[in-house]
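Respectively, the protein sequence lines represent chains A and B.
Just so you know, we're using this note's numbering here: the first sequence kicks off at 1 and counts up by one.
Just so you know, we're using this note's numbering here: the second sequence kicks off at 114 and counts up by one.
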Amino acid sequence: EPEVTQTPSHQVTQMGQEVILRCVPISNHLYFYWYRQILGQKVEFLVSFYNNEISEKSEIFDDQFSVERPDGSNFTLKIRSTKLEDSAMYFCATKRGLQYEQYFGPGTRLTVT
Amino acid sequence: AQRVTQPEKLLSVFKGAPVELKCNYSYSGSPELFWYVQYSRQRLQLLLRHISRESIKGFTADLNKGETSFHLKKPFAQEEDSAMYYCALSGHAGGTSYGKLTFGQGTILTVHP
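In structure tokens:
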């Protein structure tokens, strides 16, 4: 069964550095999402992406964050200048259409030191 | 605004006992409700959604619009049910929602032998 994949599984970076988290969606999926989960807290929506543009974003998704599909397959989340509070597990999710379920990737654990 | 509340962070039962994981929601429109499960070291996966009205692994959940609840139930818990369970809400597909999920805090279910 096809799965959403994410790389890397764990990223350690210094405060102020840029990071790019990568997601490979299931091939016929059209809707893409990023969520994050700070340790001990709930899973929070960051952004949704459809038809090569952001369709919805949360208050967390400020100017430091950006998303793109650079080559039509990978779906990336970039954090321009990481802060300590960006340390979290970041999940990518994708779905075929609005009526379908979201499939989650295994997550990338980001640690900002 | 969308909000999901899972009042129990931890729930312990013995094998064979009934289990109920509580979920209450707040949403002004017509919501879609889901239960996601995360087994140890695995990704989030959909357990069931209210529109399917099906039973998965013996679990059922009924949407009660009057009480704004979507409690997850199983009459006889098994050890393999031990996991983290998340209740999640999405706005009605096809409206202004692009399918973002709002999660509850999660409930860790432990089933003892």
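Note that the Cβ used here is the ideal one computed from N, Cα and C, for glycine as well.
For B/V117 and B/L202, which I take to be in contact (beta-carbon distance under 8 Å), what is that distance rounded to the nearest angstrom? Contact between B/V117 and B/L202 is confirmed by a C-beta separation of about 5 Å, below the 8 Å threshold.
| message | Tell me the residue span of the beta strand (DSSP E) that contains A/C92. | response | Here the beta strand (DSSP E) through A/C92 covers 88-95.
field: Residue from A/R36, A/S66, A/F49, A/G97 with nearest C-alpha to B/T215
entry: Of the residues A/R36, A/S66, A/F49, A/G97, the one whose Cα lies closest to the Cα of B/T215 is A/R36.
Would you say B/R116 lies against chain A (beta-carbon separation less than 8 Å)?
Closer than 8 Å: no.
Which residue's Cα is closest to the Cα of B/K122: B/G212, B/V224, B/M197, B/T173?
If you compare the alpha carbons of B/G212, B/V224, B/M197, B/T173 with that of B/K122, the shortest gap goes to B/M197.
* Asked: Looking at the structure shown, is A/L84 part of a helix, part of a strand, or coil, going by DSSP?
  -> DSSP, read as helix, strand or coil, puts A/L84 in helix.
Practice task
Taking A/V43 as the query, report the chain B residues whose CB atoms sit under 7 Å from its CB, ordered along the chain.
Solution key: In chain order, Y199, F216 make up the part of chain B whose C-beta sits under 7 Å from the C-beta of A/V43.
**Prompt:** Can you find a CB in chain A that lies within less than 8 Å of the CB of B/L159?
**Reply:** Chain A contact via Cβ: present.
7 Å CB neighbourhood of A/V12 in its chain, flanking five on each side removed: Excluding sequence neighbours, A/V12 sits near T111, T113.
Query - Beta-carbon separation (whole angstroms), B/G142 vs B/G217, contact threshold 8 Å - result: Taking C-beta atoms under 8 Å as the contact rule, B/G142 and B/G217 fail to qualify, at a distance of about 18 Å.
Item to complete: Taking 8 Å as the cut-off, decide whether the C-beta atoms of A/K57 and A/M15 are in contact.
Response: Inclusion of A/K57 and A/M15 in the CB contact set at 8 Å is not warranted, their separation being larger than that value.
*the region 19-32 of chain A touching the region 95-106 of chain A, judged by at least three CB pairs closer than 8 Å*: Touching, yes, given that three or more Cβ pairs across the two stretches are closer than 8 Å.
Can you give me the C-alpha to C-alpha distance between A/E44 and A/I54, rounded to a whole angstrom? Taking the CA atoms as reference points, A/E44 sits about 17 Å from A/I54.
Legend entry - CA-to-CA distance, B/K186 to B/Q119, given in whole angstroms: Looking at the backbone, the Cα of B/Q119 and that of B/K186 are separated by about 14 Å.
Check your understanding: How many Å lie between A/H10 and A/T108 at the Cα?
Key -> Distance from the CA atom of A/H10 to the CA atom of A/T108, rounded to whole angstroms, is 5 Å.
Q) Say the cut is 7 Å; is the CB of A/T76 nearer than that to a heavy atom of the ligand ADP? A) The ligand content of the structure shown is nil, which means the ligand ADP is not present either.
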